[in-house]
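Notes for the one structure printed next.
There are 2 protein chains.
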Amino acid sequence: MKAEPTLPELQAPSREEEQAEVIRRLEEDIIFGRLAPGLRLVEDTLMQRYGASRHFVRQALFQLERQGIVLREKNVGATVRFYSAEEVRQIYEVREMLTRQAALMIALPAPDSLIDELNELQRHYCIKADAQDMRGIHETNDAFHLALFSACGNPYLVRSLQDYMNLTLPMRAKNLADSEGLALSRRQHELMIELLKGRDSWALAQLCVDHMQYSKADYLVRISNDKKPQ
Amino acid sequence: MKAEPTLPELQAPSREEEQAEVIRRLEEDIIFGRLAPGLRLVEDTLMQRYGASRHFVRQALFQLERQGIVLREKNVGATVRFYSAEEVRQIYEVREMLTRQAALMIALPAPDSLIDELNELQRHYCIKADAQDMRGIHETNDAFHLALFSACGNPYLVRSLQDYMNLTLPMRAKNLADSEGLALSRRQHELMIELLKGRDSWALAQLCVDHMQYSKADYLVRISNDKKPQ
DNA sequence: ATCACCCCTATTATTGACAATAACCATGGC
DNA sequence: GCCATGGTTATTGTCAATAATAGGGGTGAT
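The listed protein sequences derive, respectively, from chains A and B. Heads up: take any position in the first sequence, counting from 1, add 4, and you land on this note's numbering. Heads up: take any position in the second sequence, counting from 1, add 4, and you land on this note's numbering.
Okay, structure coming up:
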């Protein structure tokens, strides 16, 4: 008899989930501003903070560098990445373009199955919003948009869209906490579902683009204020 | 006196370049078909083949997985990825969309500096083409398109475009060897430069999209033939 | 006083040994 | 004869010790 397999699903963190958890927590700490832009992310410190081995922390930093929210310099280390107003505008320009294209590709009127799915996701979103559960809000919100855009039929377009959603996470995060932005977002989601029942693709596309203006504008104001007082 | 620093630039592979070299060689072996789709990429084998440590091979596989030309399965290993006709069509749909948008954003007529730069790159391209230097052809070709699209002014759009250029590498590679495709490609490059001197953005955008049809069509025919005889 | 240089420390990069895992094969029970 | 079961091997995943590197502070020369 060997050392027994320790009962798989009881409480085993199972390595790969441990890795995912480190990534999630680090990502969360960055996008919610607990780790400010420019701050150095020293591997040893993060190892302590998350109780993970160097290997996992390293992988997480690579992954988040790829996602664009961490900057790594050879033999120097990682820092929380900061985006200038100019860069933000450029990033959103591409995101808006992809969004518009994807929206236009959704066949209208949408099938009931999609409507039902989105209503269900929207319900979850509202629950998390009411509970002020930041991570939950962010996850359900992204799930909603992902389900919506998946209806465009091109998984590669969806993947690119997702890349840009991840890239803009730091800009969108503040709004997930802001009750005004939250209420607006909620109404827009419901309007999207209504438009899916109709035939006006252009209206839908425009709404999807409008949907991201609030957080973009808010972020731009925020960073211009951060610069000035200094 | 310590063990001397071995004269930095004499013949030092300098680790980071060694890493890049492994990636390049592996990529090359895949896109030029020396490693067929579906083939298992065993780490130990690659370590031997490229004389690199496990770490570097690993990194290379991660990188190429991200690029989309390698498929990795947990605890199973990596294989050369294969794309179905349907996937190829979807990938090209997005690539064409991004290309068209980028082309339309280039301000016409283009400044002389850009024209000069492209002429120079085109000259290199022709040299490599005449020399039948596959890697050289591919590198100079991509450099040409990168310089062209960079003129759109949005580096993020260029980055996404580059992602799709990398993703379609296996489909484009065959054409880099094909003398007919090569000649067509050459003429189209020159036509692009001519259009940059004019004011017709739509003609330029259309030409850029047309430019990628030959290799796409060729690849689709190729894989449908591969399927049949079996 | 200033500049250049060197050592020292903080940090990341690399490596090879080792653990975990999954596929494979053979063997025995039914 | 066939399915289940256990062992074996091939392969990837993890780790912790070691090497390399860059930056900072102090020391000495000019």
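Backbone N, C-alpha and C define an ideal beta-carbon position, used for all residues, glycine too. Computed from a predicted model, the values in this text were never measured in an experiment.
A distance below 7 Å between beta-carbons, with the five flanking residues on each side excluded, links A:Gln23 to the following residues of its chain, in chain order: Phe60 and Gln63. Below the 7 Å Cβ cutoff, chain B contributes Gln94, Ile95 and Val98 as neighbours of A:Tyr160, in chain order.
With its beta carbon less than 8 Å from one in chain B, A:Arg70 belongs to the interface.
Between B:Leu161 and B:Ala147, the C-beta spacing is not below 8 Å.
Not flagged as an interface residue toward chain B: A:Ser154, since no C-beta distance is shorter than 8 Å. Three or more beta-carbon pairs separated by less than 8 Å link the segment 83-98 of chain A to the segment 41-57 of chain A, which places the two stretches in contact. B:Arg29: member of the alpha helix (DSSP H) spanning Glu20 to Ile35, first to last residue.
At a beta-carbon threshold of 7 Å, the residues of chain A lying near B:Ser164 are Val98 and Ser164, ordered along the chain. Membership of A:Ala82 in the beta strand (DSSP E) is indicated by the continuous run Gly81 to Val84.
Counting only the Cα atoms, A:Ser183 lies some 15 Å from A:Arg139. When CB distances to chain A are screened at a threshold of 7 Å, the residues of the segment 50-77 of chain B falling below it are Arg70, in chain order.
For A:Val74, the secondary structure class from DSSP, reduced to helix, strand or coil, is strand. Distance between B:Ile34 and B:Ala177, taken at the CA atoms: about 10 Å.
Sequence-distant Cβ neighbours of B:His142 in its own chain, meaning closer than 6 Å and more than five residues away, are Leu180. Of B:Ala151, B:Glu20, B:Thr103 and B:Leu75, the smallest CA-CA separation from B:Gln210 is found for B:Thr103. Within the segment 130-172 of chain B, the complete alpha helix (DSSP H) segments of 4 residues or longer fall at 138-154 and 159-171, listed in chain order. Per DSSP, A:Asp214 is one residue of the alpha helix (DSSP H) stretching across Ser205 to Asp214. Residue state for B:Arg38 is assigned as coil, using DSSP reduced to three classes. In the structure shown, A:Leu45 falls within a strand segment according to DSSP collapsed to helix, strand and coil. Closer than 8 Å to the CB of A:Glu31 there is not a single CB belonging to chain B.
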